[in-house]
Amino acid sequence: METKKIVGKRKTQEIPHEMLENPTKFLHQQQDDEVVDNGELNLSLSSPQPQPKPRRASTPRSRSSTEGGRAIIKTDPITPPFQWATNRRATVHSMEYLVSQGINTITGNVQCKKCDEKFEMELNVVEKFRELVAFIINEGDMRHRAPEKWMESTNLKGKCGNCGVGDNCKPLIEEKKRNINWLFLVLGQVLGCCTLEQLRWFCKYTNNHRTGAKDRVVFLCYFTLCKQLDPNGRFDI
């Protein structure tokens, strides 16, 4: 077999005669790629394979408040924010329990609208619950919508100790929802002061529908809290 020499810059290679006559066929048969850098011969006819891109390190996802499209409901017990609240979110003790424990009055933080004085207001539990039940009976069929009094009332019945003006105080609602004084709000009949977000949070933790208009959500909150206070009462929704 005849051979010829091709001299590169760095070394000499012997090229078979068959390769000179049909280099493409010869190279495919050999399936040999030889790359010569800096002036050396590149005898490979195959294109270089692209290098795989390095995989980006995955970043941990932050914990979401939803799972599978549904809101996550926390079931772990909490420290009761008040004596009249249980260790479950959005749940208060029954009237029977409160009376048995000697909890006849409760307090809540309020602010006078006239002088901006902030102070604690007391509510008599039994007296205020009787007023609430009497209002519900007199109102009749509410058609699952809160009446105007529940929606528009933002004033608590009580006298400001600073300026002396009566029935002109608004409740101060905690930013952290699980610390909201739900019993004070329902007995004072000022649940309508809560934002729709706060009311829907309450409904979430009491297994109530919470996607309706605000008057429907307020209605659900009133009746649910009444049912908690008197489980045997006629407060079914």
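Counting from 1, position 50 in the sequence shown corresponds to residue 106 in this note's numbering; the numbering is continuous, with no gaps. All C-beta atoms, glycine included, are put in the ideal place defined by N, C-alpha and C.
Practice problem: Would you check whether the ligand ADP has a heavy atom nearer than 7 Å to the C-beta of Arg290? | Solution: For the ligand ADP, the structure offers nothing, since it holds no ligand at all.
Quiz item: Short check: CB of Val273 to CB of Arg266, under 8 Å?
Solution: Here residue 273 refers to the residue found at position 217 of the sequence shown. Here residue 266 refers to the residue found at position 210 of the sequence shown. A contact, by the Cβ cut-off of 8 Å.
Self-check item: DSSP state of Ile62 mapped onto helix, strand, coil
Solution: Within the sequence shown, numbered from 1, the residue matching residue 62 stands at position 6. In this prediction, Ile62 has a pLDDT of 48, which is less than 50 and means its spatial position is unreliable; nothing more can be read from the coordinates.
Quiz prompt | Assigned secondary structure, Ile162 (DSSP; H/G/I helix, E/B strand, else coil) | solution = Working through the sequence shown from its first residue, we reach residue 162 at position 106. Annotated three-state conformation of Ile162 is strand, per DSSP.
Practice problem: Let me know if Thr171 comes out buried or exposed under the rule of 16 or more other beta-carbons within 10 Å of its beta-carbon. | Solution: Your numbering for residue 171 matches position 115 in the sequence shown. The sequence given here has Cys at residue 171, not Thr. With fewer than 16 other Cβ atoms within 10 Å, it is exposed.
Quiz prompt | Integer Cβ distance of Tyr278 from Leu255, believed to fall under 8 Å | solution = By 1-based counting over the sequence shown, the position of residue 278 is 222. By 1-based counting over the sequence shown, the position of residue 255 is 199. So it is not a contact: roughly 10 Å between Cβ atoms.
Quiz item: Of the choices Cys249, Lys184 and Ser150, whose alpha-carbon is the least far from that of Glu204?
Solution: Sequence index remark: in the sequence shown, residue 204 carries index 148 (1-based). Closest in alpha carbon position to Glu204, among Cys249, Lys184 and Ser150, is Cys249.
Quiz item: Does the stretch 207-214 come close enough to the stretch 140-155 to have 3 or more Cβ pairs within less than 8 Å?
Solution: They do not touch, by the three-pair rule.
Quiz item: Can you tell me the Cα-Cα spacing of Glu183 and Asn165, whole angstroms?
Solution: Taking the sequence shown and counting its residues from 1, one reaches residue 183 at position 127. Taking the sequence shown and counting its residues from 1, one reaches residue 165 at position 109. Their Cα atoms are separated by approximately 19 Å.
Quiz item: To the nearest whole angstrom, what separates the beta carbons of Ser150 and Leu241, a pair I think is in contact under 8 Å?
Solution: Counting from one through the sequence shown, the residue named residue 150 turns up at place 94. Counting from one through the sequence shown, the residue named residue 241 turns up at place 185. With a Cβ gap of about 17 Å, Ser150 and Leu241 do not count as contacting.
Quiz prompt | Of the residues Thr131, Ala146 and Ile128, the one placed nearest Trp238, counting alpha carbons only | solution = On the sequence shown, residue 238 is found 182 positions in, with the first residue counted as 1. Check the Cα spacing between Trp238 and each of Thr131, Ala146 and Ile128: the tightest is with Ala146.
Quiz item: Can the beta-carbon of Leu243 be found less than 8 Å from the beta-carbon of Val189?
Solution: As a working note, residue 243 is residue 187 in the sequence shown. As a working note, residue 189 is residue 133 in the sequence shown. No; because the gap between Cβ atoms is not below 8 Å, this pair is not in contact.
Quiz item: Got a sec? Which residues, its chain only, sit under 7 Å from Asn264 by beta carbon, not counting five neighbours each side?
Solution: In the sequence shown, counting from the first residue as 1, residue 264 sits at position 208. The answer, listed in chain order, is Leu276 and Thr280.
Practice problem: Take Lys213 and list the residues in its own chain whose beta-carbon comes closer than 6 Å to its own, dropping the five residues that flank it on each side. | Solution: Counted from its first residue, the sequence shown places residue 213 at position 157. Taken in chain order, the residues that qualify are Asp223.
Exercise. In the DSSP assignment, find the unbroken beta strand (DSSP E) run with Lys205 in it and report its ends.
Key: Reading the sequence shown from its first residue, position 149 is the one you call residue 205. That residue, Lys205, is in no beta strand (DSSP E); its alpha helix (DSSP H) goes Glu204 to Glu208.
Exercise. Classify Phe191 as helix, strand or coil using the three-state DSSP reduction.
Key: By 1-based counting over the sequence shown, the position of residue 191 is 135. The three-state reading of DSSP puts Phe191 in helix, counting H, G and I together.
Quiz item: Taking the alpha carbon of Gly220 as the point to measure from, which residue in His200, Glu173 and Asn288 has its own alpha carbon closest?
Solution: As a first step, residue 220 is located in the sequence shown; it is residue number 164 there, counting from the start. Check the Cα spacing between Gly220 and each of His200, Glu173 and Asn288: the tightest is with Glu173.
Quiz item: Which of helix, strand or coil does DSSP assign to Gly248?
Solution: Within the sequence shown, residue 248 is the residue found at index 192, counting from 1. Here Gly248 sits in helix by DSSP.
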